[in-house]
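Just so you know, we're using my numbering here: the sequence shown kicks off at 123 and counts up by one.
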Amino acid sequence: MTARLVLEYDGSRFAGWARQPGARTVQEEVERALAVVLRADGVPLTVAGRTDAGVHAWGQVASYCGSVVPVRSVNALLPDDVAALACTAAEPGFDARRDATSRAYCYRVLARPARSALERGRVLHWPHRLDFDALQACAEALIGTRDFTAFTPTETDHVRFTRDVLAAYWRRHDDRGLFEFWIEADSFMRNMNRVLVGTMLEVGGGRRTVSAFTGLLTGRARSAAGPTAPAHGLFLAAVGYGGERLLEQQERSSARTGPLAGPGGREPG
């Protein structure tokens, strides 16, 4: 039997998803809890997105060979910065990574003079003005098949640098100074979202033009793009299967319920 597990976690105190010698990882914590509940020696997990150190998740998806478990039992064994949201039966052979058709991420920026005491570790504090229209123009340029060589480290194992971006946009919450960058694509390269945000913030701050940004989407060198934005503003929002369009669903939900209220108000997809 194959099971599908949906997870939420605060990545602040983790060295990322994947197991690493001598480091605290999300994978290790979840596999340990599942092994106890299932009374197994080990329960290897396959995950849809291997998040880096400091990156959070609202809707990470993992799969394993074994029976469905009550999330209450798993959560009783997990630390308070990881939670199992759902555990359901999947089709035989379901693979959370291989079968995923898209992933959606959100990067959160707080553009106001004062930092946030309540959002600490979950939003990038940016005490500068941002040109929302310029940010939105950059996001719109991402949609389609683009070459993101400039947005991933030079030393990489990737052999394919084009990605199909299904949706990309910025959302602004004027009452709080909160800006959110949402993007959905078939897959992402290492640091891709964070370099995109770091470079777009240069555009939003007037230090780079929109046309200079779009020129990076043609296979330019990493050195031509901007800095890598810090990990703590990035969230893996949801994972899509069977061709579903995650951000279209989110837009419909937002239209019904009003502006998004932050991490606690989002469905994992």
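Glycine included, C-beta positions come from ideal geometry on N, C-alpha and C.
The model shown is predicted, which means the values in this text are computed figures rather than measured ones.
For this session: Measure the C-alpha to C-alpha separation of residue 235 and residue 298 and round it to an integer number of angstroms.
Result: Start at 1 with the first residue of the sequence shown, and residue 235 comes out as number 113. Start at 1 with the first residue of the sequence shown, and residue 298 comes out as number 176. Roughly 11 Å separates the two Cα atoms.
Problem set entry | Beta-bridge pairing of residue 247 - partner residues as DSSP gives them | Reading the sequence shown from its first residue, position 125 is the one you call residue 247. DSSP lists 232 as partners of residue 247.
Exercise. Any idea what DSSP makes of residue 180, helix, strand or coil?
Worked result: Walking along the sequence shown from the start, residue 180 turns up at place 58. Three-state DSSP puts residue 180 in a strand.
Problem set entry | Proximity winner among 177, 314, 188, 187, relative to residue 204 (alpha-carbon distances) | For the purposes of this step, residue 204 is identified with residue 82 of the sequence shown, where counting begins at 1. Of 177, 314, 188, 187, the residue nearest in Cα terms is 177.
Problem set entry | Local Cβ density within 10 Å of residue 306, reported as buried at 16 or more and exposed below that | As a position in the sequence shown, residue 306 is number 184, starting the count at 1. With 16 or more other Cβ atoms within 10 Å, it is buried.
For this session: Provide the residue(s) that pair with residue 204 in DSSP beta bridges, ordered along the chain.
Result: Counting from one through the sequence shown, the residue named residue 204 turns up at place 82. BP columns for residue 204 point to 131.
For this session: Work out the CA separation of residue 230 and residue 242 for me, nearest whole Å.
Result: Within the sequence shown, numbered from 1, the residue matching residue 242 stands at position 120. Within the sequence shown, numbered from 1, the residue matching residue 230 stands at position 108. Near 12 Å, if we compare the C-alpha coordinates of residue 230 and residue 242.
For this session: Could you check if residue 173 is buried or exposed, using at least 16 other CB atoms within 10 Å of its CB as the buried criterion?
Result: As a first step, residue 173 is located in the sequence shown; it is residue number 51 there, counting from the start. Buried: at least 16 other Cβ atoms inside 10 Å.
Exercise. Would you report the Cα separation of residue 248 and residue 316, rounded to the nearest angstrom?
Worked result: Within the sequence shown, the letter at position 126 stands for residue 248. Within the sequence shown, the letter at position 194 stands for residue 316. Straight-line Cα distance between these residues: approximately 14 Å.
Exercise. Do the segment 210 to 219 and the segment 179 to 193 meet, that is, are 3 or more Cβ pairs less than 8 Å apart?
Worked result: yes
Problem set entry | residue 384 in three-state terms, based on DSSP | Along the sequence shown, read from residue 1 onward, the residue named residue 384 stands at position 262. Here residue 384 scores only 38 on pLDDT, less than 50, and its place in the model is too uncertain to base an answer on.
Exercise. For residue 170, which of helix, strand or coil comes out of DSSP?
Worked result: The residue given as residue 170 occupies position 48 in the sequence shown. Looking at residue 170 - three-state DSSP - the assignment turns out to be coil, as it is neither helix nor strand.
Exercise. So the alpha helix (DSSP H) residue 316 belongs to, where does it begin and stop?
Worked result: Numbered from its first residue, the sequence shown carries residue 316 at position 194. Note, residue 316: alpha helix (DSSP H), 314 to 326.
Exercise. Taking buried to mean at least 16 other C-beta atoms within 10 Å of its own C-beta, is residue 123 buried or exposed?
Worked result: Residue 123 sits at position 1 when you count from the first residue of the sequence shown. Result: exposed.
Problem set entry | Nearest-angstrom Cα separation, counted from residue 200 out to residue 152 | As a working note, residue 152 is residue 30 in the sequence shown. As a working note, residue 200 is residue 78 in the sequence shown. Roughly 7 Å separates the two Cα atoms.
Exercise. Using a Cβ-Cβ cut-off of 7 Å (strictly less than) and excluding sequence neighbours within five positions of residue 268, which residues of its own chain qualify?
Worked result: Counted from its first residue, the sequence shown places residue 268 at position 146. Only 284, 285, 287, 339 meet the Cβ criterion.
Exercise. Nearest to residue 270 by alpha carbon, out of 282, 277, 259, 260?
Worked result: Locating residue 270 in the sequence shown gives position 148, counting from the first residue. Checked all of 282, 277, 259, 260; the closest Cα to residue 270 is 282.
Exercise. Leaving out five residues before and five after residue 228 in sequence, what residues of the same chain have Cβ atoms less than 6 Å from its Cβ?
Worked result: Here residue 228 refers to the residue found at position 106 when the sequence shown is read from its first residue. Around residue 228: 302, 304, 357, 359.
Problem set entry | Cβ neighbour criterion (16 or more within 10 Å) applied to residue 240 | Along the sequence shown, one-based indexing puts residue 240 at 118. The residue is exposed, with fewer than 16 neighbouring Cβ atoms inside 10 Å.
Problem set entry | Through-space distance from residue 321 to residue 349, alpha-carbon basis | Numbered from its first residue, the sequence shown carries residue 349 at position 227. Numbered from its first residue, the sequence shown carries residue 321 at position 199. Computed Cα separation, rounded: 6 Å.
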